[in-house]
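Everything below concerns the one structure shown next.
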Amino acid sequence: MEKRWVLKDPGDPALVNSLSRQINVSEIIASLLVQRGIDDYEKAKRFFRPSLADLYDPFLMKDMAAAVERVEQAIRRRESILFYGDYDVDGTTAVALMYSFFRKRYNKIGYYIPDRYNEGYGISFKGIDFASENGYSLIVALDCGIKSVEKVRYATQRNVDFIICDHHLPGDLIPEAVAVLDPKRTDCNYPFKELSGCGVGFKLLQGYCKKTGISEQELYQHLDLLAVSIASDIVPIVDENRVLAFYGLEKLNTNPSRGLKSIIRIAGIENQKIGIDDIVFKIGPRINAAGRMESGKTAVDLLCAPDDSSAFEVGALIDSCNNDRKHVDRTITHEALRMISQDNRLQHSYSTVLFNPSWHKGVVGIVASRLIETYYRPTVILTQSGDLATGSARSVQGYDLYQAIEACSDLLENFGGHMYAAGLTMKVDKVDEFKRRFEEHVSKTIIPEMLSPQIDIDASIRFENITEKFFNLLKQFQPFGPGNMSPVFIAENVHDSGFSRLVGSEKEHLKLTLIQEGNTQKFDAIAFQMAEFYKPIHYGQSFDVCFSLHENNFKDTISLQLRVKDIKLRDE
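When the letters of the sequence shown are read in order and numbered with the working numbering, they come out as residues 1 to 572.
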């Protein structure tokens, strides 16, 4: 699949030059900073030296005082408190954060994670009934609840109070809870709007510490959970999230909680420095697998494990869930790709909508994302649940998926989400009409450029500029993530030094040793899934390459490696 290369604006030359002189870095580094909104000495200092002292006052958040007061009141009165969270990584880490913090100082607490299949996302009537029937008079909802107007009203009728800690966009009405903490509320003046759900829970605990005189250092012992939530929920790693992720990763690498330590060991990454990518690809999927294949409660059981033995036991169960998940999503992806390959109309559509009543509901979102890797276009994957078709949708860069689904809302029982991801439910007999209408809307609103993957390139660079000092400065840009992605560079007119070869079990990857025209410096590179370029490169054809820079740790030897994003052969 051909990709579009788009070189970013390097930034105002005067700003770049000024910053370069102020902090004594090359203009390439200064340009990368300016692109990220870091354009003066003070901003650069905060960027390169994140400090917990820079966290915002939690009482700037709307309803924080009421939330803290209600928690204090519950503890004074010896009420039972239930921590209620969504079944994904953000929700389960948020519940684990709350439970782990309070169990050291209060014993009338519990947690509840709704069943993905029987209750669905968010607060459920069943969960409220559980609280009422088991003597819980206060529910702290985490990573959910902002649209649960009817559910909160029902809870009030059952003498159960709610504190909501959410980060999703509110609807027209705010639930009538004791407190609704959500930085995205239009009437909330909290200065940072992009906290994770676990992050909002953290702010409640921070407020509680400030009010009661508990040292915030005790709260910081749980920042590893927060780092996992930030990375897994793909929130921007800027501003307050950067500080929290930075110190959360530090905790994850030095003294992780028992549950996370178990996952790290099972994932085989205990002897390496753990970064955001390790959370996204190794830790997060295992936690998520519990909610997809079994119960999200199992994930909280692991994250709150009381001893190493139980942590390893539950960790092994979750790893088994993850292996099941991988098998199921591979099988369904293969079936879905075959359906497309056998349907000429589908192969040439502007969208993909597939329905199979036997597909596993827990992996349809993953399958939608995988299909986009082959057929780059808005994708909806549906399965059957009861008498309804339900599923997940994923989009491509720049295209508003939510708007496309909303255009078909008269066919739907329910839907929700945002520009790039959504969930939806409809009656089974509406599926064919939805396919037709969705394709019609996408075909009229998507522009041709959106149907090719785009690679955003930060800067053009020559190999002689990739020095040890340059790379050491780049490493200080970490943690990388949305809002501060690992810089992508383009190097022009490079060629194989003669040591390139195919690697991988099916020889699908390309291992390169590259030289740039006019320079003698060589760099090792790895190009995943790019075996098709081997012959022209091996026979001497020059090419342009876009890449990011990484440390490669192989047999205890650390070296600099170019991780290739794409290759464009040059005309001879």
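By construction, the Cβ of each residue, glycine as well, lies at the ideal position given by its N, Cα and C atoms.
CA-to-CA distance, residue j to residue i, given in whole angstroms
i    : j    : result
G391 : K62  : 34 Å
A389 : D343 : 21 Å
E240 : Y56  : 8 Å
D556 : L15  : 41 Å
K184 : G213 : 28 Å
P170 : N553 : 45 Å
S369 : K297 : 25 Å
T467 : T520 : 14 Å
F47  : F477 : 8 Å
L569 : N493 : 9 Å
T186 : L173 : 11 Å
K251 : A305 : 17 Å
A407 : I163 : 34 Å
F463 : A491 : 7 Å
V364 : Y350 : 20 Å
E79  : C165 : 19 Å
V25  : F438 : 50 Å
A525 : K45  : 32 Å
D410 : H441 : 14 Å
I139 : I81  : 6 Å
E335 : K361 : 15 Å
Beta-bridge partners of residue i, as assigned by DSSP
i    : result
E551 : L560
G481 : N484
K511 : R501, I526
D496 : L514
Q521 : None, per the DSSP bridge assignment.
C546 : I490, D566
F83  : Y111, V140
C165 : L142, L181
V238 : V238 pairs with nothing; no bridge assigned.
I381 : L354, S392
L412 : M426
I457 : L7
A421 : R394
Within 8 Å, strictly: CB atoms of residue i and residue j
i    : j    : result
V577 : Y111 : Because the chain in this structure spans residues 1 to 572, residue 577 falls outside the shown range and cannot be described.
L502 : A527 : no
I264 : E270 : yes
L226 : G199 : yes
S262 : G315 : yes
L303 : I283 : no
P114 : G135 : no
S395 : M426 : no
D544 : V6   : no
V160 : S196 : no
G122 : S100 : no
L354 : I372 : no
T331 : I340 : no
R153 : E119 : no
I28  : I537 : no
A581 : Y106 : Absent from the structure is residue 581, since the part of the chain shown begins at 1 and ends at 572.
I276 : P479 : yes
Expected contact under 8 Å - CB spacing of residue i and residue j to nearest Å
i    : j    : result
Y190 : Y220 : Actually they do not touch by this definition, with Cβ atoms about 20 Å apart.
I146 : D90  : Not really, about 13 Å apart at Cβ, beyond 8 Å.
V95  : Y208 : Not a contact, Cβ separation roughly 16 Å.
Y376 : M1   : 6 Å
L32  : A459 : 7 Å
D400 : V428 : That belief does not hold up - the Cβ atoms of D400 and V428 are roughly 27 Å apart, past 8 Å.
G201 : M98  : 6 Å
K565 : C546 : 5 Å
A393 : L424 : 6 Å
I318 : A289 : 6 Å
Exposure label - residue i; buried when at least 16 CB within 10 Å
i    : result
Q516 : buried
I558 : exposed
E218 : exposed
Y117 : exposed
H348 : exposed
H327 : exposed
R4   : exposed
R292 : buried
F281 : exposed
S443 : exposed
A179 : buried
E294 : buried
Q529 : exposed
D86  : buried
A53  : exposed
F102 : buried
Distance cut-off 7 Å: residue i Cβ against heavy atoms of the ligand FMN
i    : result
R462 : The model on display carries no ligand, and the ligand FMN is accordingly not part of it.
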